[in-house]
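First the structure, in the form of structure tokens, and then the observations on it.
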Amino acid sequence: MDKAVFLDRDGVINELIYHEEQGIIDSPFTVSQLRIIDGVPEAIGILHDAGYKVIIVSNQPGVAKKHMSNKTFEAIRCRLIDELSKTNSFIDAEFYCLHHPQAVVPDLKEVCDCRKPKPGLLIKASDELDIKLGKSWMVGDGLTDIQSGKGAGCRTILIGKEKCELCRRMEEENARPDFICENLLQAASVIINNNIP
2 MDKAVFLDRD GVINELIYHE EQGIIDSPFT VSQLRIIDGV PEAIGILHDA
52 GYKVIIVSNQ PGVAKKHMSN KTFEAIRCRL IDELSKTNSF IDAEFYCLHH
102 PQAVVPDLKE VCDCRKPKPG LLIKASDELD IKLGKSWMVG DGLTDIQSGK
152 GAGCRTILIG KEKCELCRRM EEENARPDFI CENLLQAASV IINNNIP
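If you read the sequence shown in this note's numbering, its first letter stands for residue 2, the second for the next number, and so on.
Written as structure tokens, this is what we have:
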């Protein structure tokens with residue numbers, strides 16, 4: 002069995018975008034908005050060199066909420082992979098949940114098992130790719146990422162600076178991460194220095 006580092010996408014691999022029309026900070030809604038965060042290709046390389054598969058597990062309800070078309074979602078996904086490949090970096094696999102309980106698109110309006118905070122995406126990846134979850138990590142910028150990772154039996158890293166409100170929520174939601182890092186490059190260092198034999 003292999004070990005993996007599961008990565009949330011937006012806010013971990015690529016920058017979050019402020020969408021003025023909607024007044025929200027969210028995923029990129031267009032290909033031109035996609036920007037890889039500094040240090041990400043290097044971090045992915047460090048993780049691969051340490052023997053980890055690097056797998057994206059991400060809630061992507063943009064199509065369900067009609068923020069973008071399925072074609073645009075696929076174009077953004079492909080652009081991310083292309084941008085990483087320009088730096089000799091790669092993702093081993095991608096698992097996305099496109100559902101949302103309040104979706105505007107009827108086919109995607111669902112309370113599913115794959116949407117984080119449930120661990121369904123990680124379990125699916127584990128089953129399909131023969132991943133040992135107990136030797137793996139979940140890295141994300143939200144509490145749902147931490148809950149999903151813990152639910153699957155992974156160690157967890159929260160990307161972002163800890164804030165008092167977030168501290169309280171982490172306790173209430175049983176979502177305290179094992180580590181908190183400022184970015185994926187710092188998280189890669191933590192993972193390498195805390196390898197599970």
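Here a beta-carbon is modelled for each residue, glycine too, at the ideal position from N, C-alpha and C.
If you're wondering where the values come from, they're calculated on a predicted model, not measured in any experiment.
Next on the checklist: Under DSSP, the alpha helix (DSSP H) around R78 begins and ends at which residues?
Outcome noted: As a working mapping, residue 78 is identified with position 77 in the sequence shown. It spans N71 to S86 - the alpha helix (DSSP H) in which R78 sits, taken as one unbroken run.
Checklist entry - Going straight from the alpha carbon of R156 to that of T88, what length do you get? => result Position 155 of the sequence shown, counting from 1, holds the residue named residue 156. Position 87 of the sequence shown, counting from 1, holds the residue named residue 88. For R156 and T88, the distance between alpha carbons rounds to 28 Å.
Next on the checklist: So, with DSSP's three-state summary, where would you put E95?
Outcome noted: Here residue 95 refers to the residue found at position 94 when the sequence shown is read from its first residue. Here E95 sits in strand by DSSP.
Next on the checklist: Quick check for students: name the residue ranges of the beta strand (DSSP E) that lie wholly in the segment 106-156, counting only runs of 3 or more.
Outcome noted: 138-141
Item to check | Helix, strand or coil at I56 according to DSSP, with G and I counted as helix | outcome: Position 55 of the sequence shown, counted from the first residue, corresponds to residue 56. Three-state DSSP puts I56 in a strand.
Item to check | Pairwise C-alpha distance: F96 and A189 | outcome: Translated into the one-based positions of the sequence shown, residue 189 becomes position 188. Translated into the one-based positions of the sequence shown, residue 96 becomes position 95. Looking at the two C-alpha atoms, the distance is approximately 20 Å.
Checklist entry - For D146, is the classification buried or exposed, using 16 other Cβ atoms within 10 angstroms of its Cβ as the cut-off for buried? => result Taking the first residue of the sequence shown as position 1, residue 146 is located at position 145. Answer is buried; the Cβ neighbour count reaches 16.
Item to check | Buried or exposed (CB count within 10 angstroms, at least 16 for buried), C79 | outcome: As a first step, residue 79 must be located in the sequence shown, where it is residue number 78. C79 should be labelled exposed.
Next on the checklist: Within 10 Å of its beta-carbon, does S33 have 16 or more other beta-carbons around it, so buried, or fewer, so exposed?
Outcome noted: If you number the sequence shown from 1, residue 33 lands on position 32. S33 should be labelled exposed.
Item to check | Alpha-carbon to alpha-carbon, V191 and V6 | outcome: In the sequence shown, counting from the first residue as 1, residue 6 sits at position 5. In the sequence shown, counting from the first residue as 1, residue 191 sits at position 190. Going from the Cα of V6 to the Cα of V191 covers about 12 Å.
Item to check | For P193, the three-state DSSP class (helix, strand or coil) | outcome: Reading the sequence shown from its first residue, position 192 is the one you call residue 193. Reading the sequence as shown, one finds Ile at residue 193 and not Pro. Residue state, collapsed to three classes: helix.
Next on the checklist: Helix, strand or coil for A65? Go by DSSP, reduced to three states.
Outcome noted: Counting from one through the sequence shown, the residue named residue 65 turns up at place 64. Three-state DSSP puts A65 in coil, outside helix and strand.
Checklist entry - Which residues share a DSSP beta bridge with F180? => result Here residue 180 refers to the residue found at position 179 when the sequence shown is read from its first residue. Looking at the DSSP assignment, F180 forms a beta bridge with I158.
Checklist entry - If A44 and L186 are in contact, beta carbons under 8 Å, what's the gap, nearest whole angstrom? => result Reading the sequence shown from its first residue, position 43 is the one you call residue 44. Reading the sequence shown from its first residue, position 185 is the one you call residue 186. Contact holds; Cβ gap of about 4 Å.
Item to check | Three-state secondary structure assigned by DSSP to V6 | outcome: Counting from one through the sequence shown, the residue named residue 6 turns up at place 5. Three-state DSSP puts V6 in a strand.
Checklist entry - When you compare each of K66, I38 and N196 to D9 by their alpha carbons, which one comes out closest? => result On the sequence shown, residue 9 is found 8 positions in, with the first residue counted as 1. Considering only alpha carbons, the answer is I38.
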